[in-house]
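The sequence shown begins at 1263 in this note's numbering and counts up one residue at a time.
We put the CB at the ideal spot given by N, CA and C, even for glycine.
The structure presented is a predicted model; accordingly, all values stated were derived computationally and were not measured.
See structure below.
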Amino acid sequence: MGERGMLRALRGAMWVVIVVEVPLYLVWLVQVGYLTGQRLDDGDAARWALPVLLPPAAVVFCAAAGWTWWTSMVAQVKSPLREPRIALSLAFVAVASVLCGVAAVDDPSVPIGLLSVVVTGLGMVGLFFIPAAGSRQMLDVIRRRAAA
């Protein structure tokens, strides 16, 4: 398999994760956010905020972090992902997502927690890879990184 074939396979694998996991993750976030919100008091603002605000926050924070990382890879500069504000935004999405997944069920258990971690991780990775998977500069970046 040549260089172009490997790039196609990598890009294809990235798009499979994006196309399968991102919608699954977003639907899952709405569902577990709603179920978690139903456990709160009627007057609590988080009752409606979780299913409405958590999915867009996940999209914005994860895709923005992916865009930041990818532009730094293309420009060959130090990745700003180490900045506390970016790391904290990703940690917020991950923790809120996993906690909603666990809090949404009647009997939380280790398998439920693991399922929440897996769905959250794959969904966040899919959102993170959107800029790289759609870039025409992917082959150049891979060549530079392999040569370094």
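- For Ala1325, the enclosing alpha helix (DSSP H) stretches over residues Ala1308 to Ala1337.
- In its chain, beyond the 5 residues on either side, Gly1299 have a beta carbon closer than 8 Å to the beta carbon of Ala1311.
- Looking from the CA of Pro1318, the closest CA among Ser1359, Arg1405 and Leu1350 belongs to Ser1359.
- Assignment of Gly1264 by DSSP, reduced to helix, strand and coil, places it in the coil class.
- In the DSSP assignment, Ala1410 falls outside any alpha helix (DSSP H) and carries neither an H nor an E.
- Remark: C-beta atoms of Met1335 and Ala1410 do not approach each other more closely than 9 Å.
- Listed in chain order, the non-local C-beta contacts of Leu1401 below 7 Å within the same chain comprise Leu1269, local neighbours out to five positions each way being set aside.
- Beta-carbon to beta-carbon, Val1381 and Trp1290 are separated by about 5 Å, close enough to satisfy the 8 Å threshold.
- Here Leu1288 is near Gly1385, since their CB atoms are less than 9 Å apart.
- In the three-state scheme derived from DSSP, where H, G and I count as helix and E and B as strand, Ser1378 is classed as helix.
- Taking every protein chain shown into account, the CB of Gly1363 has 16 or more other CB atoms within 10 angstroms, so this residue is buried.
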